[in-house]
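**Student:** Below are the structure tokens for one structure; questions will follow.
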Ligand SMILES: C[S@@+](CC[C@H](N)C(=O)[O-])C[C@H]1O[C@@H](n2cnc3c(N)ncnc32)[C@H](O)[C@@H]1O
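Here it is, written out as structure tokens:
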């Protein structure tokens, strides 16, 4: 692909990101699937352009708004601005990229040319930018985040706006961390031990895990270190009855299965139930379970009221990994910032309380109810836990720092009602986790 064709591809993909509800990386993959002529360098260059524009969108839009006259920011104008501001290209080079030839973007219209002239030589940051713009945060969330993080606001957002590393969870029932690491290094994949999760590895350079022997044999799974920690904080053990109430495609179910020894001799003594409202999502775990040699996970679609009733008061552990705003995963899905609205957030908050109440019925006396989100917003986190405990006095919040110390030798991050993980503070995705216990 020519440099111009790469820009045209980025514009087309960004237009889809603006209108679809699909993750940007899936849109990029779908774009290239029928375009076999594009080589790996083209795919990488286009992908980087798309993510660069998304990660810098508010600041690019600020410049466009100040310099584009009546034109509204669009995928095309953002790509144009990114070439001038992020790449520092000259107007002459921009004209040769937007030259209207076969696969390149069409030539600049007079108003676009004027915009390009105004943006030439500009640097991304400007002292007149408001904090929400500097931090790439939707305006309606700016005040909430200022209150949440205070002096750390800039640092937290910069980390949430940076690309995420690739983490691996080692199936410790089948292989040690060192053995998995060695197996990957034989295939030239360099990793380091994760600092917080005792079962994690972090890739030093990006690589496709799906092609490795360790992955195909079910020795490893791709999973952010923060997710690994949530599963560990459940303290699931062989012989227990454990329910993963919002299991989705089973990321944490697989980690729980490993902790419970479901890949070995303990399989017959333990019960692991994976629930979800979505049959389709649940079926996404079948292949993963098979690959990891986990056979006896019971899947339960939540419209099956009878099976659910049979589980009431029986579970040692119920993990409620609720549907949430996903703000903690912004470094993987930076486009999600623009899709979240106050109404959507309200919907999540209402649903979370309902799910928590329904899931709590399955917990047996002295059993644990583990509430988790991949969000840093208090309204989805400690506020939900406090509301739940206020209305359900048979549950108490357990001091999570004690649980943390039992599952990892790493120092515990500051914790009150629950534990907060963020890219800036723990170098993981953003998560919240609180553990409650049903009193006897
Ligand atoms: C954060 S995702 C779960 C991710 C999964 N635990 C993992 O580690 O891969 C939330 C899941 O909650 C499910 N969900 C949404 N509403 C629900 C409800 N009312 N009850 C149970 N699950 C629900 C969604 O289908 C989605 O799969």
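Residue numbers (this note's numbering): 624 to 1063.
In this text, a Cβ means the ideal position worked out from N, Cα and C, and glycines have one as well.
Can you tell me whether residue 1014 is buried or exposed, with buried defined as 16 or more other CB within 10 angstroms of its CB?
**Tutor:** exposed
**Student:** Going by alpha carbons, who is nearest to residue 1003 out of 1026, 778, 977 and 984?
**Tutor:** 977
**Student:** Residues in the same chain with beta-carbon distance under 7 angstroms from residue 628, minus the five sequence neighbours each way, listed in chain order, please.
**Tutor:** 726 and 727
**Student:** Name the two residues that bound the continuous beta strand (DSSP E) containing residue 921.
**Tutor:** Residues 920–924.
**Student:** May I ask whether a heavy atom of ligand 2 can be found less than 7 angstroms away from the beta carbon of residue 812?
**Tutor:** Among the ligands modelled here, namely ligand 1, ligand 2 does not occur.
**Student:** Can you determine whether any heavy atom of ligand 1 sits closer than 7 angstroms to the C-beta of residue 925, and answer yes or no?
**Tutor:** yes
**Student:** Using a threshold of 7 angstroms, is the CB atom of residue 875 nearer than that to any non-hydrogen atom of ligand 1?
**Tutor:** For residue 875, the Cβ falls inside the 7 angstroms cut-off from some heavy atom of ligand 1.
**Student:** How would you write the range of the alpha helix (DSSP H) that residue 855 sits in, first residue to last?
**Tutor:** 848–856
**Student:** Going straight from the alpha carbon of residue 797 to that of residue 642, what length do you get?
**Tutor:** The straight-line gap from Cα to Cα measures roughly 44 angstroms.
**Student:** Taking the alpha-carbon of residue 1031 as reference, which of 888, 1059 and 853 has the nearest alpha-carbon?
**Tutor:** 853
**Student:** Less than 8 angstroms between the beta carbons of residue 701 and residue 676, yes or no?
**Tutor:** Cβ distance < 8 angstroms, so residue 701 and residue 676 count as in contact.
**Student:** In angstroms, rounded to a whole number, what distance separates the CA positions of residue 807 and residue 927?
**Tutor:** If you draw a straight line from the Cα of residue 807 to the Cα of residue 927, it comes to about 42 angstroms.
**Student:** Give a single yes or no on whether residue 1029 has its beta carbon closer than 7 angstroms to a heavy atom of ligand 1.
**Tutor:** No, the Cβ of residue 1029 stays beyond 7 angstroms of every heavy atom of ligand 1.
**Student:** Does the Cβ of residue 957 have 16 or more other Cβ atoms within 10 Å, making it buried, or fewer, making it exposed?
**Tutor:** Buried.
**Student:** Which partner residues does residue 790 have in the DSSP bridge list?
**Tutor:** DSSP lists 825 as partners of residue 790.
**Student:** Answer with buried or exposed for residue 762, where buried requires no fewer than 16 other C-beta atoms within 10 angstroms of its C-beta.
**Tutor:** exposed
**Student:** When every heavy atom of ligand 1 is checked, does at least one fall within less than 7 angstroms of the C-beta of residue 904?
**Tutor:** yes
**Student:** Is residue 871 close to ligand 1? I mean its beta-carbon at under 7 angstroms from any heavy atom of the ligand.
**Tutor:** yes
**Student:** Can you tell me whether residue 1086 is buried or exposed, with buried defined as 16 or more other CB within 10 angstroms of its CB?
**Tutor:** In the structure as shown, the chain starts at 624 and stops at 1063, and residue 1086 therefore has no counterpart that could be examined.
**Student:** Based on the DSSP output, what are the partners of residue 866 in its beta bridges?
**Tutor:** 896 and 941
**Student:** Quick check: the Cα distance between residue 744 and residue 736, rounded to an integer number of angstroms?
**Tutor:** Rounded to whole angstroms, residue 744 to residue 736 spans 14 angstroms at the Cα level.
**Student:** Buried or exposed for residue 814, going by 16 or more other Cβ atoms inside 10 Å?
**Tutor:** buried
**Student:** Could you say if the segment 977–987 and the segment 907–914 meet the contact criterion of at least three C-beta pairs nearer than 8 angstroms?
**Tutor:** no
**Student:** From 850, 632, 841 and 788, pick the residue whose C-alpha is nearest to that of residue 827; which is it?
**Tutor:** 788
**Student:** Taking only heavy atoms of ligand 1 into account, decide whether any of them is closer than 7 angstroms to the Cβ of residue 994.
**Tutor:** No, the Cβ of residue 994 stays beyond 7 angstroms of every heavy atom of ligand 1.
**Student:** Along the chain, which unbroken stretches of the alpha helix (DSSP H) at least 4 residues long are found entirely within the segment 751–818?
**Tutor:** 754–757, 762–772, 776–783 and 800–809
**Student:** Compare the beta carbon distance of residue 759 and residue 682 with 8 angstroms and say whether it is the shorter of the two.
**Tutor:** yes
**Student:** Measure the alpha-carbon distance for residue 869 versus residue 880 and round it to whole angstroms.
**Tutor:** The straight-line gap from Cα to Cα measures roughly 15 angstroms.
**Student:** What did DSSP end up calling residue 721 once you bin it into helix, strand or coil?
**Tutor:** coil
**Student:** May I ask you to report which of helix, strand or coil DSSP gives residue 1060?
**Tutor:** Residue 1060: strand per DSSP, three-state reduction.
**Student:** At a cut-off of 7 angstroms, would you count residue 850 as near ligand 1, judging by its Cβ distance to the nearest heavy atom?
**Tutor:** yes
**Student:** Buried or exposed: residue 1019, going by 16 or more other Cβ atoms within 10 Å of its Cβ?
**Tutor:** exposed
**Student:** Following the continuous beta strand (DSSP E) through residue 567, name the residue where it begins and the one where it ends.
**Tutor:** The chain is shown from 624 up to 1063; residue 567 falls before or after that span and cannot be answered.
**Student:** Confirm, please, whether the CB-CB distance from residue 993 to residue 942 is below 8 angstroms.
**Tutor:** yes
**Student:** Assign residue 961 to buried or exposed, taking buried as 16 or more other Cβ atoms, counted over all protein chains shown, within 10 Å of its Cβ.
**Tutor:** exposed
**Student:** What is the DSSP secondary structure of residue 995, reduced to helix, strand or coil?
**Tutor:** strand
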